[in-house]
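Encoded as structure tokens, the structure appears first; notes follow it.
Numbering (the working numbering), first residue to last: 4 to 133.
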């Protein structure tokens with residue numbers, strides 16, 4: 004059985020980050036479809052699954068890789084921003100502020116009252132309550 008699958012996938016593109024994202028979107032769209040049974044949602048889910056399987060079994064690996072790279076240039080910064088926000092929400096010992104001048108995120112200890120914060124990048128000073 005595994006030999007058959009190995010021979011089937013030989014020379015084909017396989018799975019990548021874009022395929023995984025499209026599959027997750029299709030699964031997320033399944034939830035409202037179960038309650039509404041809208042034809043538009045079912046067509047969209049079916050189209051997403053067709054695209055996923057088309058990309059997976061494609062022999063044009065160069066083109067699929069270029070599609071994945073284009074997706075990653077859009078998705079990776081978004082993923083990092085979400086991970087950073089999650090880390091900030093879990094951090095109970097510090098407060099995070101944006102510098103009004105350069106926009107950098109600064110971390111200061113909690114519970115110090117009103118303090119003057121100096122941005123290490125642009126040297127601008129501003130007052131915030133921690």
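We put the CB at the ideal spot given by N, CA and C, even for glycine.
Where residue i and residue j are concerned, what is the direct C-alpha to C-alpha distance, given to the nearest angstrom?
{"i": "residue 87", "j": "residue 77", "result": "17 Å"}
{"i": "residue 20", "j": "residue 130", "result": "43 Å"}
{"i": "residue 65", "j": "residue 74", "result": "14 Å"}
{"i": "residue 37", "j": "residue 24", "result": "21 Å"}
{"i": "residue 26", "j": "residue 92", "result": "28 Å"}
{"i": "residue 8", "j": "residue 22", "result": "19 Å"}
{"i": "residue 119", "j": "residue 125", "result": "15 Å"}
{"i": "residue 34", "j": "residue 70", "result": "28 Å"}
{"i": "residue 10", "j": "residue 4", "result": "10 Å"}
{"i": "residue 55", "j": "residue 42", "result": "20 Å"}
{"i": "residue 51", "j": "residue 28", "result": "8 Å"}
{"i": "residue 39", "j": "residue 45", "result": "10 Å"}
{"i": "residue 169", "j": "residue 84", "result": "This structure cannot settle anything about residue 169, because the visible part of the chain is limited to 4 through 133."}
{"i": "residue 30", "j": "residue 49", "result": "11 Å"}
{"i": "residue 6", "j": "residue 123", "result": "58 Å"}
{"i": "residue 81", "j": "residue 115", "result": "32 Å"}
{"i": "residue 53", "j": "residue 117", "result": "57 Å"}
Across which residues does DSSP place residue i in a beta bridge pair?
{"i": "residue 110", "result": "99"}
{"i": "residue 117", "result": "132"}
Apart from the five residues on each side of it in sequence, which residues of its chain come closer than 8 Å, Cβ to Cβ, to residue i?
{"i": "residue 95", "result": "113"}
{"i": "residue 67", "result": "16, 19, 58, 61"}
{"i": "residue 127", "result": "102, 103, 104, 105, 121"}
{"i": "residue 79", "result": "none"}
Please go through the same chain and pick out, in chain order, the residues whose beta-carbon is closer than 7 Å to the beta-carbon of residue i, but skip the five residues on each side of it.
{"i": "residue 47", "result": "32"}
Can you find the residues in the same chain that come closer than 6 Å, C-beta to C-beta, to residue i, ignoring five residues on each side of it along the sequence?
{"i": "residue 12", "result": "none"}
Looking at C-beta atoms only, is the number of pairs between the region 88 to 100 and the region 110 to 120 that lie closer than 8 Å three or more? yes
Does the contact criterion of 3 or more C-beta pairs under 8 Å hold for the region 7 to 24 versus the region 46 to 60? yes
Quick check for students: name the residue ranges of the beta strand (DSSP E) that lie wholly in the region 34 to 111, counting only runs of 3 or more. 97 to 101
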